[in-house]
């Protein structure tokens with residue numbers, strides 16, 4: 073994860089965070105493997121559901137969770153590293169958008 077400060081005006085700070093798709097894909101794979109043992113789907117023994125099937129059913133929702141965790145981690149890191157005290161809630165703008173996240177999903181599936 074690469075963090076760069078883009079603007080500092082008074083109390084307002086802006087940061088650009090670049091997260092490699094490989095990191096998100098690795099976290100997605102980890103979450104899918106965790107789900108593999110927990111999910112129960114008719115026609116499969118418990119813990120024996122193929123990862124590709126889980127990805128097809130739950131991939132987008134799990135990717136949303138992975139992205140949310142990554143955003144929270146980035147916010148914590150920025151606040152701790154720069155010793156900031158937040159006056160308000162951080163606002164997030166995702167530049168790549170849905171297409172980039174879908175590419176990560178498709179790259180592994």
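Numbering (the numbering used here), first residue to last: 73 to 181.
Quick reminder that beta carbons are idealized off the backbone N, C-alpha and C, glycines included.
**Prompt:** Cα separation between residue 103 and residue 124?
**Reply:** Position 31 of the chain shown, counted from the first residue, corresponds to residue 103. Position 52 of the chain shown, counted from the first residue, corresponds to residue 124. Those two C-alpha atoms are separated by around 13 Å.
**Asked** In chain order, what residues of the same chain have a beta carbon less than 6 Å from the beta carbon of residue 77, not counting five sequence neighbours either side?
**Response** Position 5 of the chain shown, counted from the first residue, corresponds to residue 77. Same-chain partners within the cutoff: 87.
**Prompt:** To which residues of the same chain is residue 126 closer than 7 Å at the C-beta, ignoring the five residues directly before and after it?
**Reply:** Here the question's residue 126 lines up with position 54 in the chain shown. Cβ neighbours of residue 126 beyond the five flanking positions: 104, 107, 108, 111.
**Request:** Indicate whether residue 134 and residue 100 have their beta-carbon atoms separated by less than 9 Å.
**Result:** Counted from its first residue, the chain shown places residue 134 at position 62. Counted from its first residue, the chain shown places residue 100 at position 28. Closer than 9 Å, so yes.
**Prompt:** What's the call for residue 164, buried or exposed, on a 16-neighbour Cβ count within 10 Å?
**Reply:** Residue numbering aside, residue 164 sits at position 92 when the chain shown is read from its first letter. With fewer than 16 Cβ atoms within 10 Å of its Cβ, residue 164 is classed as exposed.
**Item:** Complete beta strand (DSSP E) runs within the stretch 76-157 (minimum length 3 residues, chain order)
**Value:** For the stretch 76-157, whole beta strand (DSSP E) runs of length 3 or above, ordered along the chain, are 84-90.
**Message:** With the cut-off set at 9 Å, would you say residue 138 and residue 83 are in Cβ contact?
**Reply:** Counting from 1 along the chain shown, the entry for residue 138 is found at position 66. Counting from 1 along the chain shown, the entry for residue 83 is found at position 11. No, they are not a contact pair.
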